[in-house]
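For reference, the structure discussed in these notes is given below.
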Amino acid sequence: MQIKILFLFLAFLLVACEKKEPELPVFEEQMLLMGTVINISIYGETEQKSQKVFHDLLKDFKYMHVAWSPQNKGSLKRVNNLLPLQAPFSIGPAVQDMIEKATEISIQSEGLFNPAIGKIINLWGFSSKELPTGPPPDKGLIKKILEQNPQMTDLKTTPLSVVSSNEAVQLDLGAYAKGYGVDKAMEYLKSVGVNNVIINAGGDLRAIGSKGSKPWSIGIRHPRGEGVIAGIEIKGDESIFTSGDYERFYDYQGERYHHILDPRTGYPADQTTSVTVLHENAALADAAATALFIAGPENWQRIAKKMSIDHVMLIDKVGKVYVTAKMEKRLNFVNRQSLDMVVVQ
Amino acid sequence: MINLTSADKVILLMSVLILAALYYFTWSNGESNRYASLYVADEKRYIIDLFEEKILTIDGVQGVSKLEVAEGRIRFIESPCSSHFCIRSGWLNQTIGLIACLPNGINVHFSNKNKTYDAINF
Numbered sequence: 000m001q002i003k004i005l006f007l008f009l010a011f012l013l014v015a016c017e018k019k020e021p022e023l024p025v026f027e028e029q030m031l032l033m034g035t036v037i038n039i040s041i042y043g044e045t046e047q048k049s050q051k052v053f054h055d056l057l058k059d060f061k062y063m064h065v066a067w068s069p070q071n072k073g074s075l076k077r078v079n080n081l082l083p084l085q086a087p088f089s090i091g092p093a094v095q096d097m098i099e100k101a102t103e104i105s106i107q108s109e110g111l112f113n114p115a116i117g118k119i120i121n122l123w124g125f126s127s128k129e130l131p132t133g134p135p136p137d138k139g140l141i142k143k144i145l146e147q148n149p150q151m152t153d154l155k156t157t158p159l160s161v162v163s164s165n166e167a168v169q170l171d172l173g174a175y176a177k178g179y180g181v182d183k184a185m186e187y188l189k190s191v192g193v194n195n196v197i198i199n200a201g202g203d204l205r206a207i208g209s210k211g212s213k214p215w216s217i218g219i220r221h222p223r224g225e226g227v228i229a230g231i232e233i234k235g236d237e238s239i240f241t242s243g244d245y246e247r248f249y250d251y252q253g254e255r256y257h258h259i260l261d262p263r264t265g266y267p268a269d270q271t272t273s274v275t276v277l278h279e280n281a282a283l284a285d286a287a288a289t290a291l292f293i294a295g296p297e298n299w300q301r302i303a304k305k306m307s308i309d310h311v312m313l314i315d316k317v318g319k320v321y322v323t324a325k326m327e328k329r330l331n332f333v334n335r336q337s338l339d340m341v342v343v344q
Numbered sequence: 000m001i002n003l004t005s006a007d008k009v010i011l012l013m014s015v016l017i018l019a020a021l022y023y024f025t026w027s028n029g030e031s032n033r034y035a036s037l038y039v040a041d042e043k044r045y046i047i048d049l050f051e052e053k054i055l056t057i058d059g060v061q062g063v064s065k066l067e068v069a070e071g072r073i074r075f076i077e078s079p080c081s082s083h084f085c086i087r088s089g090w091l092n093q094t095i096g097l098i099a100c101l102p103n104g105i106n107v108h109f110s111n112k113n114k115t116y117d118a119i120n121f
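From first to last, the protein sequence lines are chains A and B.
Numbering follows numbering that gives the first Met the number 0, in which position 28 of the first sequence is assigned residue number 27; successive positions increment by one, without gaps.
Numbering follows numbering that gives the first Met the number 0, in which position 25 of the second sequence is assigned residue number 24; successive positions increment by one, without gaps.
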């Protein structure tokens with residue numbers, strides 16, 4: 000009797016070995032544009048359709064790369080050349096839309112997200128392809144620009160034109176254009192019926208849909224360790240953007256200088272290691288990650304509230320983790336016990 | 000007490016072995032992260048076996064980059080860029096997911112489809 004039960008049990012295990020539903024392959028391609036590697040992952044579409052939409056996106060991102068970088072000979076360069084004239088000039092609808100939305104976000108962030116400080120970013124050399132290597136820029140030059148107080152609110156747009164009232168305003172949309180571009184790319188993908196995608200622009204991403212029966216699973220890199228600090232599963236349509244002091248930096252005479260400049264001082268913000276923001280809109284998540292990084296552990300909650308951002312994880316310069324309750328619920332920490340963490344309601 | 004004949008024992012042992020084999024082939028992911036894809040200027044150039052120790056010399060858009068492959072990992076050890084950020088990034092591992100020398104147009108990531116995460120945010 001017992002031997003029959005044993006064989007029955009083994010037979011049951013054999014039934015449990017039924018092959019799982021075969022997973023469709025994920026189409027993955029990439030492009031080197033906008034100063035980073037942009038990866039496109041598409042699930043559930045034919046190879047032919049995936050290739051077509053990838054090539055369409057490649058064209059779009061190439062356009063954005065040229066148009067929106069202050070270094071390239073595109074729309075933004077032209078805008079920056081004409082702004083100091085302080086007279087109205089024509090702009091394209093895409094640039095106008097970006098300026099208006101970036102201005103709105105800049106106001107919400109109390110000016111901590113400030114794309115109008117292009118002159119200071121240029122002094123540091125962080126917008127060029129190669130990282131700077133020499134000493135930081137002259138303090139007097141930074142001070143002079145700060146005294147002129149360039150702000151996005153110095154720009155006034157009318158349909159298809161813009162005028163600046165501050166000769167110090169030069170635009171650098173580095174903390175915004177990537178997110179904006181990802182949003183535009185996602186709009187296109189949805190319009191052609193591609194609904195299960197990740198667009199990962201150099202580690203900042205927006206994902207929609209799922210990978211069949213499984214949600215897209217994203218790892219958030221530990222800013223100081225080698226691995227992942229936490230994982231998160233995407234629900235529907237969400238963007239995850241992180242600003243970190245480890246992304247673009249250089250060392251000079253034992254000092255580290257990173258690319259996230261505090262528009263109040265003209266120097267790299269020094270209280271934060273990284274900020275991760277989860278939001279459905281990639282452009283807002285992009286700008287918010289920068290603004291909250293600059294706000295630091297003292298002020299990020301106030302700024303997040305003003306920007307209507309409720310999923311945030313901030314890691315300060317000594318490694319203390321601040322996380323909103325909503326974000327904490329979504330994150331699967333790899334080694335939670337090892338973290339000095341504060342959950343903020 | 001169960002009285003097992005020799006034949007019972009053989010059948011039982013075979014059943015257990017078959018089960019183990021079925022479990023492995025049905026559920027396991029096989030050799031995850033054995034291979035990496037190396038791209039130069041957006042074009043996939045090489046599939047690299049990360050368990051074959053070697054130094055790769057790759058012509059990028061600016062010049063020659065050298066990459067070391069060892070023990071299932073790969074890293075930049077020489078590059079013509081000025082920042083050497085690619086070298087400072089260290090080894091490509093399962094969680095980092097991507098290493099790149101953007102000025103030289105070279106990037107490397109895992110080829111397998113059984114990644115721990117579908118993407119890495121950083």
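Using N, Cα and C, we set each Cβ at its ideal position, and we do this for glycine too.
Quick caveat, the model's predicted, so the values are computed rather than measured.
| field | Cβ contact check for the region 135 to 144 of chain A and the region 76 to 92 of chain A: 3 or more pairs under 8 Å | value | no
| What do you get for residue 74 of chain A, buried or exposed, if any count of 16 or more other CB atoms within 10 angstroms of its CB means buried? | buried
| query | What residue from A:24, A:65, A:55, A:62 has the CA that sits closest to residue 45 of chain A's CA? | reply | A:24
| What is the rounded straight-line gap between the Cα of residue 271 of chain A and the Cα of residue 157 of chain A? | 38 Å
| Mind pulling the beta strand (DSSP E) runs of 3 or more residues that sit fully within the region 15 to 100 of chain A? | 25 to 32, 35 to 42
| Whose C-alpha, out of A:167, A:76, A:181, A:115, is nearest the C-alpha of residue 279 of chain A? | A:181
| request: Would you mind working out which of A:244, A:231, A:282 sits nearest residue 331 of chain A, comparing C-alpha positions? | output: A:231
| field | chain A contact for residue 28 of chain B (CB, 8 Å cutoff) | value | Because the pLDDT of residue 28 of chain B is 43, which lies under 50, any placement of that residue in the model is unreliable, and the number read from its coordinates should be weighed accordingly. Taking Cβ atoms only, chain A never reaches closer than 8 Å to residue 28 of chain B, which makes this a no.
| message | On the criterion of 16 or more Cβ atoms from any shown chain inside 10 Å, does residue 301 of chain A qualify as buried, or is it exposed? | response | exposed
| query | Can you name the residues of chain A whose CB is closer than 8 Å to the CB of residue 81 of chain B? | reply | 129, 130, 132
| message | One question on the structure: do residue 211 of chain A and residue 196 of chain A come within less than 8 Å of each other, judged by their Cβ atoms? | response | no
| DSSP puts residue 275 of chain A in a beta bridge; with which residues? | Under DSSP, residue 275 of chain A shares a beta bridge with A:241, A:312.
| field | Residues, ordered as in the chain, of the region 217 to 242 of chain A that lie near chain B by beta-carbon distance below 7 Å | value | Listed by position along the chain: 217, 218, 219, 220, 225, 226, 227, 230, 239, 241.
| Buried versus exposed, by CB contacts within 10 Å (16 or more), residue 253 of chain A | exposed
| query | In chain order, which beta strand (DSSP E) runs of at least 3 residues are fully inside the region 124 to 206 of chain A? | reply | 154 to 157, 160 to 163, 196 to 200
| request: Answer with yes or no whether the minimum CB distance from residue 106 of chain B to chain A is below 8 Å. | output: yes
| query | Hey, would you say residue 110 of chain B sits closer than 8 Å to residue 34 of chain B, going by beta carbons? | reply | yes
| said: If you reduce the DSSP assignment to three classes, tell me which class residue 101 of chain B lands in. | reply: coil
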